[in-house]
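Quick mapping for you: the protein sequence lines, in order, are chains A and B. Just so we're aligned: 66 in the UniProt record's numbering is position 66 of the first sequence, and the numbers increase by one with no gaps anywhere. Just so we're aligned: 563 in the UniProt record's numbering is position 563 of the second sequence, and the numbers increase by one with no gaps anywhere. Cβ atoms here follow ideal geometry from the backbone N, Cα and C, with glycine treated the same way. Report on the following structure.
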Amino acid sequence: MIKAVLVINDKGKPRLSKFYEFQPPEKQQELIRSVYGVLCSRPENVSNFVQSNQLFGLDSRLVYKTFATLYFVFIFDSSENELAMLDLMQVFVETLDKCFSNVCELDIVFNFSKVHTILDEIILGGQVLETSSTEIMKAVDEISRLEKASNAMTLVPKSIATWQSR
Amino acid sequence: MNPFSSGTRLRDMIRAVRACKTAAEERAVIRKECAAIRAAISENDQDYRHRNLAKLMFIHMLGYPTHFGQMECLKLIAAAGFPEKRIGYLGLMLLLDERQEVLMLVTNSLKQDLNHSNQYIVGLALCALGNICSAEMARDLAPEVERLLQFRDPNIRKKAALCSIRIIKKVPDLAENFLNAAASLLKEKHHGVLITGVQLCTDLCRVSEEALEYFRKKCTESMVKLLKEVVNSPYMPEYDIAGIADPFLHIRLLRFLRVLGQGDADASDLMNDILAQVATKTESNKNAGNAILYECVETIMSIEDNSGLRVLAINILGRFLSNRDNNIRYVALNMLMKAITVDGQAVQRHRVTILECVKDNDASIRKRALELVYLLVNDTNVMPLVKELIEYLEVSDQDFKGELTAKICSIVEKFSPEKIWYIDQMLKVLSEAGNFVKAEVWHALIVVISNASDLHGYTVRSLYRAFQTSSEQESLVQVAVWCIGEYGEMLVNNVGMLNIEDPITVTESDAVDIIEIAIKRHSSDLTTQAMCLIALLKLSCRFPSCSQRIQEIIVQLKGSLLLELQQRSIEFSSIIEKHQNIRSTLVERMPVLDEATYSGKRAGSLPATGPTSNAASLNLPNGVAKPSAAPLIDLLDLSSDDVPAPSSSGGDFLQDLLGVDLSQAASLSGTSQAPKSGTDVLLDLLSIGSPPAQSSTSTADILSPGQDNTSVSTLQRISSPSSLSAQGSSPAQAAPMMDLLDGFSSSLPVAGNGLTYPSIVAFESNSLRINFDFSKTPGNPQATLIQAKFSNSSPNVYTDFIFQAAVPKFLQLHLDPASGNTLPASGNGSITQSLRVTNNQHGKKPLVMRIRIAYKVNGKDTLEEGQINNFPRDL
């Protein structure tokens, strides 16, 4: 089971945090800080795996990858394959890339609720839901279309104007 | 109302937050936003509700409290529109959790949405349920989810499958309701549904034995067939990852097969062929392919025995080890660690590659490889492995040396085929990384050396040579100094020359030179210097021609600021000057240290240091067990060096050594105290004037000097050695001058009144000191009342003083409130606090306590920690 997905920028600011196991908000912040502390002190050219038993309890593994200014971090237990998690992270990033065409940190900051929607189409309750970025895109596009449609109909203030402005 | 304002306002808030230069600015922006949102909530503003919640989610991510928005989520979920519901469910997953009562209120909305005509709303509800479902919700909503497993749209089916996983994990009893629906998911063609369906079946097997039996019987064959299809399937662009078709489905299937095959030979048989096919056919030049191989290896290792497949699997791991990708090497090492218990022989074949990984650039790979090597060592390969490791020690990173050294020492101790090899390897390690060698390791070396009587000459000559090149390694110097002190004449006369040795010419004054260099080095610590003094005293007798020079060196330390050195210097020079007649008996060679008792003690004294030191018992095959001749005195001689060490942790081992030995002293008083002329005199000397006739209590006197009054300072005692004949054995307050030795008095329960115990100095740092007084209630031997007294010798007042203590499970601790929280400076007052400890293992285990003291000095927080091991034994 996947325990958490974090996106942290190189200054330590959380850009996306999703915990699939209950953690009180203070603990969430503490974990983000300590994960960042571990990651920013990692040298280059080392493996993408970090021992994280002290942070997340026994039987937890941490995989991270750096994309431009962002650390993408998956925390999961022994029922997931470490190498496959790396691929899943790749799927996530590829999907973001398709969605925002050349995704950058700002896209994620301003569209965090869309990023959450994408993530929810990949991982549900800590389990892998879908691994094909085409399928994920299809689902996300449907949701955007629905959103747009109902917004146009009701003229209710738009929750995420950025969705449509793109 | 401007319909376009809302979206921009969220953007504006994010911009404002991003524009903040300091954390304080950010807090101000957030505070303003939160205030506005609260106001909107209390006005029950509907138009901006979902925009506000979106903001709250952002605020939540930054770590600010957002609980006040929880009810807004529920309102949005209950709204009719899709955008409202979407944000509402997102908020529900982020801001709430399954433990909150509010969640009860959402069950009904969820139920409605699960039956909604819009499948995307159903999807939202399933997603939220899968993330936050509680046991009660699981019971309420399981029928809906079960029904959705057969929904026409595959997207809903796969979400329902994962949602079911959450439900059966929360309420395992519901598992059987899902069996049939889950089994039918396995017949799907849609990959997304298959992945989730296989996962659901795997989790069903985990929570229910019945499900496992069901799937084992009905699905093993079809799953093998499915995997075969997937492996041989044509190219599928949408599920392709780096050229491998659908690795995730591969992995899920392999994992499911593992669950089915574990503990069932028939099922395992069925899958042998396909596993072999996956293991041999999968391409291994891409991460995705390696992920499949890795999963396949794990499955092969877990299912019932098939040695052919296992060799194949371990060979795959062997190939992984030479992969250029760090990640692959990392997982391979992890897996080999598990495989070693299954098939050690097969893993041994990759020893050379594993050894290469010890030299990897990546620290975490190095660490794992070293651990693996440690597990691989056996009697036959120990010599080449240690040779390699020691060679690598020379070039390894500084920060890896400590770990490497510890492992090498442990291996050498555990597997050494003969003593000479052990001594050789240890000397190599000491000269290469002596500063990383732990005290107990070189203490063990000394025990071995003292037992190998035929190697004394060889060892002392090797140490002499090593010292010439590596005098910067503290522990090498210590061992060398000890050996030269003991076996100096063997060094000079080339006694006990082995065939493999080249003779060396060392004069008596060369040997003294070594000690002089060691004692004068700036880097020498107290232990080294104290050991040097003893070595010099011994050499003064063995090398009469150097006696004069030795005395000059000893005299130089008369002015040492360290009490211990000063005292020794004065005592030793008086021995050399005035007591020629007894000197030779006094400095006789140390009786052989008993390996058996020593190693037993080590094992007992180091329970928590992990496998490394536990394994480090000294079982050298050709060790001749010598009778334990007065080990007490030897140990005192060796370890009294450490007596003044003020830190409570540093001298742990030695204290422990002493502690254990003192207890022996009590039981063995007859044997160990048999008055032998030489040693007795030494004892008397050390005990500073206690009458020599007091055979069995003389030890007590050495070790409880704190029992006399403050007025007599050490120096006075030395100069007037007879003034102290009347040392009472009542536990009086310890005199400050004698604190140094106080740690030891603890181990000596005072005979007589069973309910009084000597007080101890439980903790002492530069300025802070904690005394413990003990008392027991008659009739309740398990409970002990401890009066703790804190005093502060620094010139600063300590404020906000808090004392905390923790004890192991077998103890119960109750702390009463302290008498105050301000500790006056310069010892002008103290804080007292009483502690009640109940020892459930009374008589079996001694008390032990970890303490932490927090206080403020000039407004600055200070934290001190320590462990108290020196409780009187029978508390």
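- Annotation: the region 172-235 of chain B contains no complete segment of the beta strand (DSSP E) (minimum length 3 residues).
- Residue range Arg351 to Val358 is occupied by the alpha helix (DSSP H) that includes Thr353 of chain B.
- Look at Asp97 of chain B: its C-beta is under 8 Å from a C-beta on chain A.
- For Gln51 of chain A, the uninterrupted beta strand (DSSP E) run begins and ends at Phe49 to Gln51, by DSSP.
- Close to chain B, meaning a Cβ-Cβ distance shorter than 8 Å, are the following residues of the region 71-84 of chain A: Ser79, Asn81, Glu82, Leu83 and Ala84.
- Between Glu33 of chain B and chain A, the shortest Cβ-Cβ separation is not below 8 Å.
- Taken atom to atom, the span from the alpha-carbon of Gln348 of chain B to that of Leu376 of chain B is near 7 Å.
- Distance between Asp397 of chain B and Pro43 of chain A, taken at the CA atoms: about 14 Å.
- Met849 of chain B: member of the beta strand (DSSP E) spanning Met849 to Val857, first to last residue.
- Counting along the chain, no alpha helix (DSSP H) covers Gly866 of chain B; the unbroken beta strand (DSSP E) around it starts and ends at Lys860 to Ile868.
- Within the region 434-445 of chain B, contact with chain A at the beta-carbon level (separation under 7 Å) is assigned to no residue.
- Val331 of chain B belongs to the set of residues whose beta carbon lies under 8 Å from a beta carbon in chain A.
- Assignment of beta-bridge partners to Ala40 of chain B by DSSP yields no partner.
- Below the 9 Å Cβ cutoff, chain A contributes no neighbours of Cys201 of chain B, its closest Cβ being approximately 13 Å away.
- Of all residues in the region 345-375 of chain B, those with a C-beta nearer than 8 Å to a C-beta of chain A are Asn361, Asp362, Ala363, Ser364 and Ile365, reading in chain order.
- The three-state secondary structure of Leu875 of chain B, taken from DSSP, is coil.
- One Cα belongs to Val102 of chain B, the other to Gln28 of chain A, and the distance between them is close to 21 Å.
- Of the candidates A:Glu147, A:Asn9 and A:Asn102, A:Glu147 places its Cα closest to the Cα of Ala80 of chain B.
- Per the DSSP secondary-structure output, Pro14 of chain A pairs in a beta bridge with A:Ile8.
- Contact annotation: the region 259-270 of chain B does not touch the region 46-62 of chain A, with fewer than three C-beta pairs closer than 8 Å.
- Scanning chain A for C-beta atoms nearer than 8 Å to the C-beta of Gly192 of chain B yields Leu129, Glu130, Thr131, Ser132 and Glu135, reported in chain order.
- Around the beta-carbon of Ala406 of chain B, 16 or more other beta-carbon atoms lie within 10 Å, marking it buried.
- When the alpha-carbon of Leu39 of chain A is set against those of A:Phe74, A:Ser79 and A:Thr117, the nearest one is in A:Phe74.
- Put simply, the backbone Cα of Asn869 of chain B is about 13 Å away from that of Glu764 of chain B.
- In the DSSP assignment, Phe763 of chain B is bridged to B:Ile770.
- When the beta-carbon positions are compared, Phe790 of chain B and Ile760 of chain B stay at least 8 Å from each other.
- Contact of Arg324 of chain B with chain A is not assigned, every C-beta pair being separated by 8 Å or more.
- In this model, Leu227 of chain B and Asp153 of chain B are separated by some 24 Å (Cα to Cα).
- Checking the DSSP bridge columns, you'll see Ala788 of chain B partnered with B:Phe772 and B:Gln833.
- Along the region 21-104 of chain B, the alpha helix (DSSP H) occurs as fully enclosed runs of 4 or more residues at 23-42, 49-61, 70-78 and 82-95, listed in sequence order.
- Residue contact check for Gly63 of chain B against chain A: a CB pair falls below 8 Å.
- For Tyr757 of chain B, no alpha helix (DSSP H) encloses it, and the DSSP letter there is neither H nor E.
- Cβ-Cβ separation between Val797 of chain B and Leu823 of chain B: approximately 7 Å, consistent with a contact (criterion under 8 Å).
- Around the beta-carbon of Asn766 of chain B, fewer than 16 other beta-carbon atoms lie within 10 Å, marking it exposed.
- At a beta-carbon threshold of 9 Å, none of the residues of chain B lie near Gly37 of chain A; the nearest stands roughly 15 Å away.
- Annotation for Thr117 of chain A: Val140 and Ile143 place their beta carbon closer than 8 Å to its own, counting only its chain and skipping 5 residues before and after.
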